[in-house]
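In the working numbering, the protein residues as written are 32 to 261.
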């Protein structure tokens, strides 16, 4: 396997699995010296960082475009430093045991195409700054404990095609601004606490194959939506 200083895409070997249990200053030095050219890092389905927090030193990988840490048994909160890697196009942290809130600095990742934070223990609201992610196509926030309303800033995400918000504690009404997302193909917000009328603006989703709003007892159907599951 090529060393990460010369390989654009790299998955750490077993020798390096101890790196992130070492002092932070050692981690930072190692990453800056040996991983400085890394563009893709995929540890998904590995135990490299099992039962450890996301290493802060990953923020030093300024050239990183893909960071995939799905199903790695990660714990703790998502460090705000991760949201300084502004070249990221893919950030996948699904199926871990991450807690805390989604930091508003997520809006700094303006090049993101895919954001996956599902199947964790995240709480608090979806930050309105998510509306800054103008290239976002896939958003996975399902199976958490998120609260509050769906931000009307979602209407800024003109490239959005797939949204997964199901199995949370989201409340309030569906914002009419969702109607501007004309590329929508999959929208899942079932099993929340949404209320009010379904905005008629969502009828513009002509490409939508599935719009799942089941198990929202206070939500009323007043408009026909393509792919609606009720």
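Note that beta-carbon positions come from the ideal geometry of N, C-alpha and C, so glycine has one too.
Can you tell which of the options has its C-alpha closest to the C-alpha of residue i?
i           : options            : result
residue 136 : 185, 234, 173, 161 : 161
residue 207 : 197, 181, 217, 199 : 181
residue 139 : 115, 150, 128, 145 : 115
residue 123 : 74, 251, 174, 163  : 74
residue 155 : 149, 175, 142, 76  : 175
residue 198 : 177, 248, 91, 211  : 177
residue 212 : 164, 233, 204      : 233
residue 249 : 168, 170, 223, 76  : 223
residue 184 : 102, 200, 157, 59  : 157
residue 59  : 70, 105, 87, 110   : 87
residue 195 : 187, 204, 173      : 173
residue 200 : 214, 153, 190, 167 : 153
residue 125 : 246, 77, 164, 61   : 77
residue 113 : 57, 56, 146        : 146
residue 71  : 104, 93, 102       : 93
residue 127 : 81, 111, 228, 102  : 102
residue 55  : 117, 84, 105       : 84
residue 81  : 67, 100, 134       : 100
residue 204 : 121, 168, 247      : 247
residue 166 : 134, 105, 245, 117 : 117
Along the chain, where does the beta strand (DSSP E) that runs through residue i open and close?
i           : result
residue 55  : It is not in any beta strand (DSSP E) - residue 55 instead sits in the alpha helix (DSSP H) that spans 55–65.
residue 192 : Residue 192 -> no beta strand (DSSP E), and no H or E assigned at all.
residue 71  : 71–73
residue 250 : 249–251
residue 82  : Element bounds for residue 82: n/a, residue is neither H nor E.
In chain order, what residues of the same chain have a beta carbon less than 7 Å from the beta carbon of residue i, not counting five sequence neighbours either side?
i           : result
residue 34  : Confidence is the limiting factor: at residue 34 the pLDDT is only 40, short of 50, which leaves the residue's position unreliable, though a coordinate-based value still follows. So the list reads 65, once near-sequence residues are dropped.
residue 210 : 230, 232, 233, 235
residue 63  : 91
residue 214 : 190, 191, 192, 238
residue 255 : 234
residue 216 : 192, 193, 238, 239, 240
Among residues of its own chain, excluding the 5 on either side of residue i, which ones have a beta-carbon nearer than 6 Å to its beta-carbon?
i           : result
residue 131 : 108
residue 243 : 219, 221, 260
residue 258 : 239, 240, 241, 242
residue 148 : 124, 172
residue 251 : 228
residue 186 : 208, 211
residue 245 : 221, 260
By the three-class DSSP mapping on this structure, what secondary structure does residue i have?
i           : result
residue 239 : coil
residue 93  : coil
residue 201 : strand
residue 226 : strand
residue 214 : coil
residue 259 : strand
residue 244 : coil
Please list, in chain order, all residues of the same chain as residue i whose beta carbon is under 8 Å from its beta carbon, the five residues on each side excluded.
i           : result
residue 119 : 95, 96, 97, 98, 140, 142, 143
residue 202 : 178, 179, 180, 223, 224, 225, 226
residue 106 : 82, 83, 84, 127, 128, 129, 130
residue 150 : 125, 126, 127, 173, 174, 175
Does the beta-carbon of residue i, which I'm using as the reference point, lie nearer than 7 Å to any heavy atom of the ligand COA?
i           : result
residue 251 : In terms of ligand content, the structure shown is empty, and the ligand COA therefore cannot be addressed.
**OP:** Any chance you could list the beta strand (DSSP E) runs of at least 3 consecutive residues sitting entirely within the stretch 98–184, in chain order?
**Re:** 106–108, 121–123, 128–130, 145–147, 169–171, 176–179
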